[in-house]
Amino acid sequence: MVEKFPFIASSVIRQSQSDHDAILIDLYGRKPKSHPYDARISFRYEECWAFEKDIKRIINKGWVKDENNYEIKIDNVRMSLGKWQRHKHWRMKKDICRLEENINKMIDSKSRGDNVKMLREYRRRLNYLYEWEERYWAQRSRAQWLKDGDRNTKYFHAKATRRLKKNSIEKINDENGNWIMESKEICKAARSYFWNLFRSNGNDITQLDLSYI
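Residue 213, in this note's numbering, is where the sequence shown stops; the numbers in between run on with no holes.
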């Protein structure tokens, strides 16, 4: 039952005339996707990148731009990887649907026996995409186990969805001691806090040995 309401939220309503407070349960809650997303706030290395042939080229492309500032170089790499990742994930879902459809048509075809090699190749490509998708969601779920041979994408997706809800921030206390509940204002307050916390003159770097990546 709880799985039908993954973003369920609860809050306490203070009762001035009673010692017992009321609990309000919102079965729908606020989906994290409806919150404004700022890629600068969260950027993580994806495990599935290690299996991509183009990843070193993408990193190098973002790093060698005409900037000597370390912080700007990192930001360039982040933007290059983020753009590539979004395109890769979108294309992956389309390729999975296309391959599944082609395999089903080929299996139902009367000339199936003439297409054994092609069918084998389609299945090989599909298995690769399944593995890529599974790594993608497994990392987000933080699940500690994975049964070999099983495709647990739906399980990992559900785990990631629940973790996304758990990690969402409903309100925050700003530097002036005021409670902020609007999503955009929460992002601004968090960004301002960490910007002031980690702000420095920065370091200049002119060369990086990419052979260690």
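Beta carbons are placed, not taken as given, at the ideal position from N, Cα and C, and that holds for glycine.
Counted as a single uninterrupted DSSP element, the beta strand (DSSP E) harbouring Val12 occupies residues Ala9 to Ile13.
Taking C-beta atoms as the reference points, Glu52 and Arg135 fail to come closer than 8 Å. Linking Val12 to Trp90 through their CA atoms gives a straight-line distance of about 40 Å. Look at Asn76 here: in three-state DSSP terms it is helix. Taking the CA atoms as reference points, Ile23 sits about 24 Å from Ile186. Contact between Met106 and Leu119 holds, since their C-beta atoms are separated by about 5 Å, short of 8 Å.
If you check the CB distance, Trp132 and Met92 come in under 8 Å. Here the alpha carbons of Cys97 and Trp49 stand approximately 22 Å from one another. In the three-state reduction of the DSSP assignment, Asn178 falls in the coil class, being assigned neither a helical nor a strand state. For Ala189, there is no enclosing beta strand (DSSP E); the residue is part of the alpha helix (DSSP H) that begins and ends at Ser183 to Phe198.
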